[in-house]
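Working notes for the structure below.
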Amino acid sequence: MEIRPVLDHAQIHPTIRTGVAQYHSKIVAQVIDTVSNNQAVVIGMSLNPAVKKARQLLEGQGLKVTYLEFGGYGSMWHERLAIKMWSGWPTYPQVFVNGMLVGGASDVKSLIANNAL
């Protein structure tokens, strides 16, 4: 399995390291806390039909779902970008089960179909 490279801390100029580290860090901390303390977490944005689908799939499996919404298509994109940078997952929703990123709605559907959730 290939690992997605992440820029090494030493390759970030010292004058911008704090800015990189603090980029919407309160939002990321909220997500980390929520993922750590809940059975299933869906992170998404309003008007995204895949968010509703992911929640329905998880609830259909008897999981208690916590939903975090960060704006819509035209708002809070900086905050969502920070979450993407943290998780490495490029789209929404981002679904976590028992603290593990399992992907998006289609990934949840596939996991359920394969009895792998």
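Counted the way the working numbering counts, the sequence shown spans residues 31 to 147. Using N, Cα and C, we set each Cβ at its ideal position, and we do this for glycine too.
Nearest Cα to residue 33 within the set 102, 62 and 119: 119. Counting other Cβ atoms within 10 Å of its Cβ, residue 41 stays below 16 and is therefore classed as exposed. Between the segment 76-94 and the segment 54-66 there are fewer than three inter-stretch CB-CB distances shorter than 8 Å, so the stretches are not counted as touching. Taking 9 Å as the cut-off, the beta carbon of residue 72 is found closer than this to the beta carbon of residue 125.
Comparing alpha-carbon positions, the option among 89, 54, 78 and 91 lying closest to residue 103 turns out to be 78.
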